[in-house]
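In the numbering used here, the protein residues as written are 26 to 354.
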Amino acid sequence: MSTRTNVAVGRPTIRQLEYLVALDAHGHIGRAAAACFVSQPTLSTQIRQLERHLGVTITERVGRGIVVTPAGRELAERARAVLRDTDEMLEWGRSSTDGLGGPLRIAAIPTAAPYLLARMLAVINERHPEVLLCLDELRASALVEALAAAQLDLGLMAEPEAHDDLAHTIILEDPLLLAMAPQHRLARQPSVAIDDLAGETVLLLEDGHCLRCQVLKVCRSVGAREVSKGGTSLATICQMVAAGMGVTLLPASAAPIEARRGTGIVVRPFSDVTAKRQLALVWRRRSPAAPLYRELAELIAARLADANSGSAPSPASSKPDVGDATAAG
């Protein structure tokens, strides 16, 4: 069956390309229309107009539904590239003056967003007061995909890997602390060694969190018993620790909130300095605003370093409960 149709005069619109990408991604007219916040007839009409503009059959009816044709899938990939270029053009326009303007789309991983995002945003607002911040929380894999597809401008994530399309700057060295109930045997010590985890039950976040992988590496190096009990967030894991179900490795950036006094948790630093993660600000390498993003990352890193050295306020009003090393039982 031929996928060529009569070509109409004129160019497709950006909106039509967005509808095509949504249809290819969802494979269903209804879900694609819902994702684009339009009615099914509106999306169907625009897809038919796009077919006439391009002279290509994009969809094919199969039974009671429709499928995207191979030609339609190829067009969707080309549409994604056009939309990325369009977003970069808009981004260039917003950043062509001395500061960023318009919307700035930022996402952070769940194990960093509640603890660092507020301080990051304060720096951005000070440097670029005209910017409109659009925030999201995504796990690392989804965050990288959204950045590469130009659906995000900036991302905050841990341990970024090399990526041809992305650049990053480390903004924080985030030590991992041992979090436990005050009655735990290791709470008597002012610090702990990685080897002290041998035989301990270490509670983990569920699959998909990059912090889970980092903690697993530590656990498996000493033979700790790692356990997943459905912990969907650090807050949930810490409640389980307070209930005596095990211990966990808590990023120092999260400790002022999750291990503050009254939570039933104490934390101890590791004597091994390798027990840490690196947090980075990430952006598209080709972004016209890349120099401004790098400058922001350096400003944020300096602000966090000042806070950690005690020359700036703590991110939370309460300090982490390190407990009394001599009295803990």
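Just so you know, even glycine gets a beta-carbon here, dropped at the ideal spot from N, CA and C.
Remember, it's a predicted structure, so these values are computed and weren't measured experimentally.
query = Where do the N-terminal and C-terminal ends of the beta strand (DSSP E) with residue 127 fall, by residue?
reply = Against the sequence shown, residue 127 aligns to sequence position 102. Segment 127-133, the beta strand (DSSP E) holding residue 127.
query = How big is the Cα-Cα spacing for residue 179 and residue 311?
reply = Position 154 of the sequence shown, counting from 1, holds the residue named residue 179. Position 286 of the sequence shown, counting from 1, holds the residue named residue 311. Roughly 13 Å between the two C-alpha positions.
key: Neighbourhood of residue 142 by C-beta distance below 6 Å, restricted to the same chain and skipping five residues each side   = As a working mapping, residue 142 is identified with position 117 in the sequence shown. Here the set comprises 133.
Cβ pair residue 91, residue 68 closer than 8 Å = By one-based count along the sequence shown, residue 91 stands at place 66. By one-based count along the sequence shown, residue 68 stands at place 43. Contact: no.
task = Check whether the region 71-78 touches the region 39-57, taking contact to mean three or more Cβ pairs, one atom from each stretch, closer than 8 Å.
result = yes
inquiry  = On the criterion of 16 or more Cβ atoms from any shown chain inside 10 Å, does residue 39 qualify as buried, or is it exposed?
reply    = Locating residue 39 in the sequence shown gives position 14, counting from the first residue. Residue environment: residue 39 is assigned as exposed (fewer than 16 neighbouring CB atoms within 10 Å of its CB, all protein chains considered).
inquiry  = Suppose contacts are defined by Cβ-Cβ distances below 8 Å. Is residue 217 in contact with residue 302 by that definition?
reply    = Stepping through the sequence shown from its first residue, residue 217 is reached at position 192. Stepping through the sequence shown from its first residue, residue 302 is reached at position 277. No, they are not a contact pair.
ask   = Do three or more CB pairs link the region 195-203 to the region 276-296 at distances below 8 Å?
value = When Cβ pairs closer than 8 Å are counted between the two stretches, the region 195-203 is seen to touch the region 276-296, the count reaching three or more.
ask   = Residues in its own chain within less than 8 Å of residue 41 by CB, not counting five upstream and five downstream?
value = Indexing the sequence shown from 1 puts residue 41 at position 16. For residue 41, where only same-chain residues beyond five positions count, the Cβ hits under 8 Å are 71, 72, 74, 75 and 78.
key: Inter-residue CB distance, residue 239 and residue 184 (contact presumed, cutoff 8 Å)   = Position 214 of the sequence shown, counting from 1, holds the residue named residue 239. Position 159 of the sequence shown, counting from 1, holds the residue named residue 184. The pair is a contact, with the Cβ atoms about 7 Å apart (cut-off 8 Å).
inquiry  = If contact is defined by three or more beta carbon pairs under 8 Å, each pair taking one atom from either stretch, is the region 282-300 in contact with the region 314-321?
reply    = no
message = Could you tell me the alpha carbon to alpha carbon distance between residue 81 and residue 66, rounded to whole angstroms?
response = Along the sequence shown, read from residue 1 onward, the residue named residue 81 stands at position 56. Along the sequence shown, read from residue 1 onward, the residue named residue 66 stands at position 41. Cα to Cα, the separation comes out at about 20 Å.
Separation of residue 280 from residue 109, as counted between CA atoms = Looking up residue 109 in the sequence shown gives position 84. Looking up residue 280 in the sequence shown gives position 255. Residue 109 and residue 280: Cα-Cα distance of roughly 38 Å.
task = Give the straight-line distance between the Cα atoms of residue 282 and residue 51, rounded to the nearest whole angstrom.
result = The sequence position of residue 282 within the sequence shown is 257, counting from 1. The sequence position of residue 51 within the sequence shown is 26, counting from 1. Roughly 39 Å between the two C-alpha positions.
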